[in-house]
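Q: If you scroll down you'll find the structure; I have some questions about it.
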Amino acid sequence: MTENKNGSKGLIIGLIALAVICGAGWLLNYYVMPKGEEGAKTIQVQVVHSDQSAKDLEYHTDAAYLGEVLKAEKLVEGEEGQYGMFITTVDGETADASRQQWWCLTKGGESVNTSADQTPIADGDVFELTLTEGY
Numbered sequence: 001m002t003e004n005k006n007g008s009k010g011l012i013i014g015l016i017a018l019a020v021i022c023g024a025g026w027l028l029n030y031y032v033m034p035k036g037e038e039g040a041k042t043i044q045v046q047v048v049h050s051d052q053s054a055k056d057l058e059y060h061t062d063a064a065y066l067g068e069v070l071k072a073e074k075l076v077e078g079e080e081g082q083y084g085m086f087i088t089t090v091d092g093e094t095a096d097a098s099r100q101q102w103w104c105l106t107k108g109g110e111s112v113n114t115s116a117d118q119t120p121i122a123d124g125d126v127f128e129l130t131l132t133e134g135y
């Protein structure tokens, strides 16, 4: 009978520890994840196609994240995934996976480590979507 009580105590302690770890992970994500700026803002998006032609676009928005703007303006299409939308088509040009093509998102020429759906925007931000070949 004592073994059964000790086993139950261990299970309860394990479940509590798991709940605490999950809660801490959620809080960490909530406070560390970049937040979008509220209110009206103007951003620029440059699209660089496979033939190296570039198209400069300007958007006025209240959206907090880049993905919201790109979808609302019907500039991009993609597949929803665990981390947000994986962009497959920009401005009518679809990346060819057989040629290892993909759309690279940068901000002011610097790499962005989030999907467009998780990329916060602020007034005056400049983003680039470049069709890139090779993984």
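Residue numbers (the numbering used here): 1 to 135.
A virtual CB, placed ideally from N, CA and C, is assigned to each residue, including glycine.
(1) Work out the CA separation of T42 and K74 for me, nearest whole Å.
(2) With a 10 Å radius around its C-beta and 16 neighbouring C-beta atoms as the bar for buried, classify A116 as buried or exposed.
(3) Within this structure, are the beta carbons of T132 and Q101 separated by less than 8 angstroms?
(4) Secondary structure at I13, three-state DSSP: helix, strand or coil?
(5) Classify E128: buried if its beta carbon has 16 or more other beta carbons within 10 angstroms, exposed otherwise.
(6) Using beta-carbon positions only, say whether V48 and A40 come within less than 8 angstroms of one another.
(7) Determine the direct distance from the alpha carbon of S111 to that of Y135, and round the result to whole angstroms.
A: In short:
(1) Taking the sequence shown and counting its residues from 1, the one referred to as residue 74 is at position 74. Taking the sequence shown and counting its residues from 1, the one referred to as residue 42 is at position 42. The straight-line gap from Cα to Cα measures roughly 17 angstroms.
(2) The sequence position of residue 116 within the sequence shown is 116, counting from 1. With 16 or more other Cβ atoms within 10 Å, it is buried.
(3) In the sequence shown, residue 132 corresponds to position 132, counting from 1. In the sequence shown, residue 101 corresponds to position 101, counting from 1. Yes, the pair counts as a contact, with Cβ atoms nearer than the cut-off.
(4) The sequence position of residue 13 within the sequence shown is 13, counting from 1. Helix.
(5) For the purposes of this step, residue 128 is identified with residue 128 of the sequence shown, where counting begins at 1. Flag for E128 reads buried.
(6) Translated into the one-based positions of the sequence shown, residue 48 becomes position 48. Translated into the one-based positions of the sequence shown, residue 40 becomes position 40. No, the Cβ-Cβ distance between V48 and A40 is not below 8 angstroms.
(7) Position 135 of the sequence shown, counted from the start, is the residue given in the question as residue 135. Position 111 of the sequence shown, counted from the start, is the residue given in the question as residue 111. Their backbone Cα atoms lie some 15 angstroms apart in a straight line.
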